[in-house]
Amino acid sequence: LDSEFVLTMAFFFGLVCASIWIVYQRVAKWTIGAIVGLVVAAALAYWIVSLSPAETPATPVAFFLAGALAICAMILPGISGSFILLIIGKYAQVLSAVNNREIVTLAIFVIGIAVGITLFSRVLSWLFDHYYNATIASLMGFMIGSLAKIWPWKETITTRIDSHGIEEPLYQINIAPNESILLALALAILGAAIILILNRFQLEEA
Numbered sequence: 002l003d004s005e006f007v008l009t010m011a012f013f014f015g016l017v018c019a020s021i022w023i024v025y026q027r028v029a030k031w032t033i034g035a036i037v038g039l040v041v042a043a044a045l046a047y048w049i050v051s052l053s054p055a056e057t058p059a060t061p062v063a064f065f066l067a068g069a070l071a072i073c074a075m076i077l078p079g080i081s082g083s084f085i086l087l088i089i090g091k092y093a094q095v096l097s098a099v100n101n102r103e104i105v106t107l108a109i110f111v112i113g114i115a116v117g118i119t120l121f122s123r124v125l126s127w128l129f130d131h132y133y134n135a136t137i138a139s140l141m142g143f144m145i146g147s148l149a150k151i152w153p154w155k156e157t158i159t160t161r162i163d164s165h166g167i168e169e170p171l172y173q174i175n176i177a178p179n180e181s182i183l184l185a186l187a188l189a190i191l192g193a194a195i196i197l198i199l200n201r202f203q204l205e206e207a
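As structure tokens, this is what we get:
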């Protein structure tokens, strides 16, 4: 992720763009509630991902919440757990915990997963039963607003030193494409194609 940031983010960007299209197709009717949900969710997501990542430190509570949120994403159509981890600034931290075999940290993360799937599945089921279109549209809005987080080309404004003594970006802004444009575009298309093909297989099996 650190060595090929632009290319990695381009791949994820393609994944999410294709996922947005899939979620859009699930909206049965664009009611006022669905439109409001889309706009509000997009604005809220954009605001959240624009915040400094300093608000998601590598603490036990943060890893617990990250696990809960990541598994919630797995329940939703078109969203992956890794996408959520990227948004909240935990993707690299979780990978580091896996690579360094940080058992306690990973255990807390797994506990968060267990709690998240138990609680969120019930809430989501109720929302789908009572407010299906608004819920799906809000999900789509959340994904659209979150694209700002995974835009491949960024400029680092400030940095910080993490708990392992490694310098990492603290605050970044999005900039116009300035490197690896063709390869990044190819990877974005590849990411989108993977999602669309997998979705096609799922529809055929259903």
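Per the numbering used here, the sequence shown starts with residue 2, numbered consecutively.
In this text, a Cβ means the ideal position worked out from N, Cα and C, and glycines have one as well.
Given the structure is predicted, the values throughout are model-derived calculations rather than measurements.
Should Lys-150 be labelled buried (16 or more other beta-carbon atoms within 10 Å of its own) or exposed?
-> Within the sequence shown, residue 150 is the residue found at index 149, counting from 1. Classification for Lys-150: buried.
Span of the alpha helix (DSSP H) around Gly-146 = Numbered from its first residue, the sequence shown carries residue 146 at position 145. That run of the alpha helix (DSSP H) goes 133 to 147.
Could you give the distance in angstroms between the alpha-carbon of Leu-107 and the alpha-carbon of Glu-5?
-> Position 106 of the sequence shown, counted from the first residue, corresponds to residue 107. Position 4 of the sequence shown, counted from the first residue, corresponds to residue 5. Distance between the alpha carbons of Leu-107 and Glu-5: 25 Å.
With Val-116 and Ala-69 assumed to form a contact (beta carbons below 8 Å), what rounded beta-carbon distance in angstroms separates them?
-> Position 115 of the sequence shown, counting from 1, holds the residue named residue 116. Position 68 of the sequence shown, counting from 1, holds the residue named residue 69. Rounded, the Cβ-Cβ distance is 6 Å, consistent with contact.
Can at least three beta-carbon pairs, one atom from the region 110 to 129 and one from the region 13 to 25, be found at a separation below 8 Å?
-> no
Take the Cβ of Thr-119 as the centre, count every other Cβ of all protein chains shown within 10 Å, and call the residue buried at 16 or more, exposed below.
-> Numbered from its first residue, the sequence shown carries residue 119 at position 118. Answer is exposed; the Cβ neighbour count stays below 16.
For Pro-170, which of helix, strand or coil comes out of DSSP?
-> As a first step, residue 170 is located in the sequence shown; it is residue number 169 there, counting from the start. In the structure shown, Pro-170 sits in a strand (DSSP, three-state: E or B).
Skipping 5 residues on each side, what residues in its chain have a beta carbon closer than 6 Å to that of Trp-152?
-> Translated into the one-based positions of the sequence shown, residue 152 becomes position 151. Excluding sequence neighbours, Trp-152 sits near Asn-175.
Roughly how many angstroms separate the alpha carbons of Val-50 and Ile-88, rounded to a whole number?
-> Locating residue 50 in the sequence shown gives position 49, counting from the first residue. Locating residue 88 in the sequence shown gives position 87, counting from the first residue. Between Val-50 and Ile-88, the C-alpha separation is close to 6 Å.
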